[in-house]
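Chemist: For what it's worth, this note's numbering labels the leading residue of the sequence shown as 308, then goes sequentially.
Beta carbons: idealized from backbone N, C-alpha and C, even for Gly.
Keep in mind it's a predicted model, so treat the numbers as computed, not measured.
Starting off with a structure, shown below.
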Amino acid sequence: MGFLDTLFGRSKPVKPDLDQLFGLPSAAITLQAAVGFTPTGAGSVCFASIEGGAFTQVQQEVRALLDADSERAGTPVEFSRDAYGYSWLLSRRAPDSLPALVGDLHAVNSALQDSGFGPQLLCSLVAFQDPELRPLALVYLYKRGSFYPFAPLPGEKRDNPLELQVRAAVTNDLRIEQDLSRWFPLWNAPGL
Numbered sequence: 308m309g310f311l312d313t314l315f316g317r318s319k320p321v322k323p324d325l326d327q328l329f330g331l332p333s334a335a336i337t338l339q340a341a342v343g344f345t346p347t348g349a350g351s352v353c354f355a356s357i358e359g360g361a362f363t364q365v366q367q368e369v370r371a372l373l374d375a376d377s378e379r380a381g382t383p384v385e386f387s388r389d390a391y392g393y394s395w396l397l398s399r400r401a402p403d404s405l406p407a408l409v410g411d412l413h414a415v416n417s418a419l420q421d422s423g424f425g426p427q428l429l430c431s432l433v434a435f436q437d438p439e440l441r442p443l444a445l446v447y448l449y450k451r452g453s454f455y456p457f458a459p460l461p462g463e464k465r466d467n468p469l470e471l472q473v474r475a476a477v478t479n480d481l482r483i484e485q486d487l488s489r490w491f492p493l494w495n496a497p498g499l
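Below, the structure is given as structure tokens:
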């Protein structure tokens, strides 16, 4: 960073660290003990839609990689596109297989990044719920290298007190996004 960057308040972007995803299993234990939320077994990756043969090939490779896992038998990988034109890959595992689900998400992110599509990656999320079936997601922001909690309520509202409670609970397990304006809502995200 140069003098003018400092003077004008520009900062160097944080380099994505996909290995941060491997902190999710320990955060899940903390989350269950602190606020009673457990994994649902669903996780997804969101990326800007890309057209072309190279991306189609990567998409097929990712599907083949994840579908080849014998533990995933009967639970295919799902691709979808949301109302904003973003693509989502949804992976499902047994709720007690969070490390395997994290491995899926890491593999997808790595495959896209290694194929030159890193700039199109937006976020990954892992879904949780409490005994009353309230949804919660821990969201990894690819370009920020940090996590934030997202707790949707009916009517496209958020449970902000719960999000702040979760942030406090998992702050020692995950790199939490400090800028609350970056805690974007992910309404109707696949798996949530």
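How many angstroms separate the CA atom of Q472 from the CA atom of F344?
Modeler: Straight-line Cα distance between these residues: approximately 12 Å.
Chemist: Taking 7 Å as the limit between beta carbons, can you name the residues of its chain near P406, skipping five residues before and five after?
Modeler: Once the five neighbours on either side are set aside, the close Cβ partners of P406 are P332.
Chemist: Expressed to the nearest angstrom, what Euclidean distance is found between the alpha-carbon atoms of N467 and V365?
Modeler: N467 and V365: Cα-Cα distance of roughly 37 Å.
Chemist: Of the residues R400, R474, P459, which one's Cα is nearest the Cα of W494?
Modeler: W494 has its Cα closest to that of P459, out of R400, R474, P459.
Chemist: Please work out which residues of its chain come closer than 8 Å, Cβ to Cβ, to L372, disregarding the five sequence neighbours upstream and downstream, and give them in chain order.
Modeler: So the list reads A414, A418, once near-sequence residues are dropped.
Chemist: When DSSP labels each residue in this structure, what does R474 get in the three-state scheme?
Modeler: It is helical.
Chemist: Round the Cβ separation of P398 and V384 to the nearest angstrom and send it over; I've been treating them as touching at under 8 Å.
Modeler: At residue 398 the sequence reads Ser, which differs from the Pro that was named. Contact holds; Cβ gap of about 6 Å.
Chemist: Under the DSSP definition of a beta bridge, which residues are partnered with W490?
Modeler: None; W490 has no bridge partner.
Chemist: Determine the DSSP secondary structure at R370, reduced to helix, strand or coil.
Modeler: Here R370 sits in helix by DSSP.
Chemist: CB S431 to CB L328, shorter than 9 Å?
Modeler: Against a cut-off of 9 Å, the Cβ pair of L328 and S431 comes out as a contact.
Chemist: Given 8 Å as the limit, is there contact between the region 446-461 and the region 388-397, that is, 3 or more CB pairs closer than that?
Modeler: No: the two stretches stay apart, fewer than three of their Cβ pairs being nearer than 8 Å.
Chemist: Among E368, Q420, T363, E358, which residue has its Cα nearest to the Cα of D324?
Modeler: It is Q420.
Chemist: Would you identify the three-state DSSP class for I357, choosing helix, strand or coil?
Modeler: Three-state DSSP puts I357 in coil, outside helix and strand.
Chemist: Under 8 Å Cβ to Cβ from F424, same chain only, skipping five residues before and after it: list those, please.
Modeler: Answer for F424: F354, I357, F362, V365, listed in chain order.
Chemist: Go ahead and label G392 buried or exposed: buried means 16 or more other beta carbons lie within 10 angstroms of its beta carbon, across all protein chains shown.
Modeler: Under this definition G392 is an exposed residue.
Chemist: Please report the distance separating the alpha-carbon of L448 from that of V433.
Modeler: Approximately 12 Å, taken between the alpha carbons.
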